[in-house]
Amino acid sequence: MDSHDQEAVAAVRAVFDQVIADGLAPESVTGATDEQVEAYAAAQGVTAVPAAVREVLRLIGVDHGLWQVGGSFGVDAVGRDAKRYAQAALAQDGGAIRDPGGLLVLVMHQGYAFHVIDGADLGHPDPPVWLITEGEPARPAWRSVTHWFDSMGPDVAAYRTRLEVMAELGGWMPPWARHLRPSGTGRAL
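Shown next, in the form of structure tokens:
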């Protein structure tokens, strides 16, 4: 791993560590092994995985907990079919992706929206993340994997506020409450 790869890994790790410090329970996510990451890449027909993507998958690639709620993500959820669907949307609607055959799908949302890495950028440690949406040309939506990861992170403070309101109203605790550590007040969430 060269110094650029190390910087990308450190940037992703800093985002993750901040969310944990904000109160996400670290045991609420499960990372992928290198073997699982390689199988994920092979299923999509790519031989390179950018360092930042690999680190995201090592942190949350098996069970993403509250991260990226609302889309298929992870080494077991995104594969060959997701790539074919993304390529079909791209072929229909265009965009400036330089290597559609080599693209790597990170997220698939209900088969019509995809977060991807351009195949031409797979050699970069922290490349831009593109948004492919059916009916629209593909566009770079995040300047790097690190920024994408940060934008997909759970807003722990907002979850805590919602839980406090639910507790005041006497409501039941939702299943996602288990993903948060008890607050500094000592009250379990």
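FYI, the numbering for the sequence shown is 1 to 189, going by the numbering used here. Even for Gly, the Cβ is constructed at its ideal location relative to N, Cα and C.
Where residue i falls, given that 16 or more other Cβ within 10 Å makes a residue buried
i      : result
Val46  : buried
Gly101 : exposed
Asp155 : exposed
Leu205 : Because the chain here runs from 1 to 189, residue 205 falls outside it and cannot be looked at.
Gly170 : exposed
Gly95  : buried
Thr185 : With a pLDDT of 38 at Thr185, under the threshold of 50, the modelled position of this residue cannot be trusted; read the value that follows with caution. Flag for Thr185 reads exposed.
His179 : buried
Ala42  : exposed
Met1   : exposed
Residue i (DSSP reduced to helix, strand or coil)
i      : result
Met108 : strand
Leu24  : strand
Ala188 : With a pLDDT of only 37 at Ala188, under the threshold of 50, the placement of this residue in the model should not be trusted; the figure read from the coordinates follows. Note: Ala188 maps to coil in three-state DSSP.
Pro100 : helix
Ala48  : coil
According to DSSP, residues forming a beta bridge with residue i
i      : result
Asp63  : Thr30
Val116 : Val105, Trp130
Phe16  : DSSP, once it has assigned bridges, lists no residue as partnering Phe16.
Phe73  : Val107
Trp142 : Val129
Leu180 : Leu24
Gly95  : Ala138
Identity of the residue in the options nearest residue i by Cα
i      : options                       : result
Glu38  : Ile132, Leu57, Ala82          : Leu57
Val116 : Gly123, Gln6, Ile97           : Ile97
Val29  : Pro50, Gln68, Ala43           : Gln68
Arg80  : Ala158, Leu103, Trp176, Val15 : Leu103
Met108 : Thr161, Gly153, Gln87         : Gln87
Gln36  : Gly119, Asp76, Ala158, Glu168 : Asp76
Val129 : Ala21, Val105, Arg84          : Val105
Val9   : Met166, Asp126, Asp121        : Asp126
Gly123 : Ala113, Gly111, Asp99, Trp142 : Asp99
Contact with chain D by residue i, beta-carbon distance below 8 Å
i     : result
Thr30 : Checking the listed chains, one finds no chain D in this structure; it contains a single protein chain.
(message) Check whether the region 142-154 and the region 12-24 are in contact - that is, three or more C-beta pairs closer than 8 Å.
(response) yes
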